[in-house]
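Have a look at the structure below before the remarks.
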Amino acid sequence: MSDLPKLVRNKIPEIIAESNRGCSYRIASREEMRLLLFNKLKEESEEFLEKPCVEEAADIYEVFLAILSHWDIDFSDVINHSYYKRDERGGFSNGVILESVD
-3 MSDLPKLVRN
7 KIPEIIAESN
17 RGCSYRIASR
27 EEMRLLLFNK
37 LKEESEEFLE
47 KPCVEEAADI
57 YEVFLAILSH
67 WDIDFSDVIN
77 HSYYKRDERG
87 GFSNGVILES
97 VD
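Residue numbers (the working numbering): -3 to 98.
Below is the structure:
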């Protein structure tokens, strides 16, 4: 595994131990989590761009949920607000690119 240290899923040290390998790890401080989560979101997004699939999308979703939890934001509030914003301003599915404003 390269690019260590990095944020990994909660059970990874346990999975490594079950495969008769050792690892060292620590629990990130609350202050560290902000940068770690956004780095992980970037990493998982790049992996999705390289290989768009359900597994990579699930990784992005899991990081997103951790971000919400870290900032004490309720998922249902995010969903409701996204519906409101989509009704008011639309979504991103049409690929509209704003090139200039007069």
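Glycine included, C-beta positions come from ideal geometry on N, C-alpha and C. In this text, all values refer to a predicted model and were calculated from it rather than measured experimentally.
When the alpha-carbon of Val4 is set against those of Ile56, Ile69, Glu46, the nearest one is in Ile56. Annotation for Leu37: Val59 place their beta carbon closer than 6 Å to its own, counting only its chain and skipping 5 residues before and after.
Counting only runs of 4 or more residues that sit fully inside the stretch 9 to 71, the alpha helix (DSSP H) segments are 26 to 46, 50 to 66, in chain order.
Between the alpha carbons of Gly18 and Lys2 lies a distance of about 16 Å. One thing to note: Met29 has its Cβ no nearer than 9 Å to the Cβ of His77.
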